[in-house]
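A.B. asks:
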Amino acid sequence: MINNDFEGKIINIQRFSIHDGPGIRTVIFMKGCPLKCLWCSNPESQKFNAELTFSKNYCQNCGSCIPTCQLGALKIREGLLEIDRKRCNNCGECVVACSNNALKKIGKDYTVSEVIKEIKKDQAYYRRSGGGVTLSGGEVSAQPRFAVELLKESHLHGYNTCIETCGYQKWDILSRIIEETDLVFYDLKVLDPQKHKIFTGIDNSLIIHNLLKLSNLNKPFVLRMPIIPSLNTNKHDLKQFSDFVTTLKNIIRLELIPYHNYGVYKYESLDISYTLNEIGTPNQEDLNETKTFLEKQGLNVNIQLGG
Ligand code: SF4
Ligand code: SF4
Numbered sequence: 002m003i004n005n006d007f008e009g010k011i012i013n014i015q016r017f018s019i020h021d022g023p024g025i026r027t028v029i030f031m032k033g034c035p036l037k038c039l040w041c042s043n044p045e046s047q048k049f050n051a052e053l054t055f056s057k058n059y060c061q062n063c064g065s066c067i068p069t070c071q072l073g074a075l076k077i078r079e080g081l082l083e084i085d086r087k088r089c090n091n092c093g094e095c096v097v098a099c100s101n102n103a104l105k106k107i108g109k110d111y112t113v114s115e116v117i118k119e120i121k122k123d124q125a126y127y128r129r130s131g132g133g134v135t136l137s138g139g140e141v142s143a144q145p146r147f148a149v150e151l152l153k154e155s156h157l158h159g160y161n162t163c164i165e166t167c168g169y170q171k172w173d174i175l176s177r178i179i180e181e182t183d184l185v186f187y188d189l190k191v192l193d194p195q196k197h198k199i200f201t202g203i204d205n206s207l208i209i210h211n212l213l214k215l216s217n218l219n220k221p222f223v224l225r226m227p228i229i230p231s232l233n234t235n236k237h238d239l240k241q242f243s244d245f246v247t248t249l250k251n252i253i254r255l256e257l258i259p260y261h262n263y264g265v266y267k268y269e270s271l272d273i274s275y276t277l278n279e280i281g282t283p284n285q286e287d288l289n290e291t292k293t294f295l296e297k298q299g300l301n302v303n304i305q306l307g308g
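Read in order, the letters of the sequence shown correspond to residues 2 to 308 in my numbering.
#1: Beta strand (DSSP E) containing Thr234: first to last residue?
#2: Assign Gln15 to one of three DSSP states: helix, strand, or coil.
#3: What number of angstroms, rounded off, separates the C-alpha of Asn251 from the C-alpha of Val223?
#4: Counting only runs that start and end within the region 87-142, where is the alpha helix (DSSP H) found for 4 or more residues in a row?
#5: Roughly how many angstroms lie between the CA atoms of Ile153 and Val134, to the nearest whole one?
#6: Does Asp173 come out as helix, strand or coil in the three-state DSSP assignment?
#7: Here's the rule I'm using: 16 or more other beta-carbon atoms within 10 Å means buried, otherwise exposed. How should Val149 be labelled?
#8: Where does Ile280 sit, in a helix, a strand or coil, going by DSSP?
#9: Does the region 195-203 come within contact of the region 29-48, defined as at least 3 CB pairs closer than 8 Å?
#10: Kindly say whether Glu119, judged by its beta-carbon, lies nearer than 8 Å to any beta-carbon of chain C.
#11: Could you tell me how far apart the beta carbons of Val116 and Asn4 are, in whole angstroms, since I believe they sit closer than 8 Å?
#12: Kindly list the residues whose CB is nearer than 7 Å to the CB of Phe7, restricted to its own chain and excluding five residues on each side of it in sequence; keep chain order.
#13: For ligand 2, enumerate in chain order all residues having a CB closer than 6 Å to any of its heavy atoms.
#14: Can you round the beta-carbon distance between Phe55 and Ser270 to whole angstroms, since I take them to be within the 8 Å contact cut?
#15: Taking buried to mean at least 16 other C-beta atoms within 10 Å of its own C-beta, is Tyr266 buried or exposed?
#16: Just how far apart, CA to CA, sit Ser216 and Arg86?
#17: Taking the C-alpha atoms as reference points, what is the distance between Gly139 and Cys99?
#18: How would you call Tyr127, buried or exposed, if buried means at least 16 neighbouring beta carbons within 10 angstroms?
#19: How should His197 be labelled, buried or exposed, when 16 other C-beta atoms within 10 angstroms of its C-beta is the threshold for buried?
#20: Since Tyr268 and Thr282 should fall inside the 8 Å C-beta cutoff, what is the C-beta to C-beta distance between them, to a whole number of angstroms?
#21: Assign Val28 to one of three DSSP states: helix, strand, or coil.
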């Protein structure tokens, strides 16, 4: 029996997506991820708790929000609003005091029923386009019970289901989610375990272990690889990567996701530093060269812009 009252923490429900599976889709961005990829364009999805963001560009430094904070975490210093992150407990009480939308609370609890209600709004588009629902993140498998209930309920409504996963979860838990999924998008950043650890915070052995398990299911999947200049684009890394990927079964294609820095402003709004400022975005020529190299190794490759 499906538990429609089960709650998950979500950062955003995005309608009309065309990059996250077949057709027109509703994408559920879940909060919390065990990885901390340095290039992450959604840093607000990394922590599991709700978080306060502060967009300095919108702030008029009027001070109206200050009295709403019971913890004294807000103050004006030298004419500018400051948040003491050590005091702030991310309660979000200050958000309503700001008419300029400079403050936002990211992360809201939804029941399965509440999410389904949102998804239903676009069901006519799913039917016409062959679309459906995609659970993304953060990391979908970090909220496994919620994910399974939501995927099951989506199937009951006749919606196609996809997940986008980093694969870092015990296989018996991840496989329960995959059972309820029509198409899996699985991330593999780089084969070298040390590089993986430096750039994501964790070693990739569990991710590779699970990918091999996925490959042995009779379920086609899409592999995704972010293209990060100076991390995983030299010929040695690409060869190591393709030597492994060509041994996988049931892989439909490899999608290359070019690095971009569109999410840098989000780091500032969370008062966390962005460390990849020196890395440029890959140009079309470099992307084509990487694609051609991987194709020559026998892979079906496409470049996925807007990821
Ligand atoms: S989120 Fe809560 S604790 Fe943090 S600054 Fe706003 S009111 Fe204060
Ligand atoms: S965050 Fe909003 S309410 Fe607070 S000082 Fe800035 S503009 Fe004023």
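Beta carbons are placed, not taken as given, at the ideal position from N, Cα and C, and that holds for glycine.
C.D. replies: Walking through what the data contain:
#1: Element bounds for Thr234: n/a, residue is neither H nor E.
#2: strand
#3: 9 Å
#4: 113-121 and 124-130
#5: For clarity, residue 153 is Lys in the given sequence; the question names Ile instead. About 11 Å.
#6: helix
#7: buried
#8: coil
#9: yes
#10: In summary, chain C is missing from the structure at hand, where a single protein chain is found.
#11: The Cβ separation is near 13 Å, so there is no contact.
#12: Thr112, Val113, Arg146, Phe147 and Glu150
#13: Cys60, Gln61, Asn62, Cys63, Gly64, Ser65, Cys66, Leu82, Ala98, Cys99, Asn101, Ala103 and Leu104
#14: 6 Å
#15: exposed
#16: 43 Å
#17: 27 Å
#18: buried
#19: buried
#20: With a Cβ gap of about 16 Å, Tyr268 and Thr282 do not count as contacting.
#21: strand
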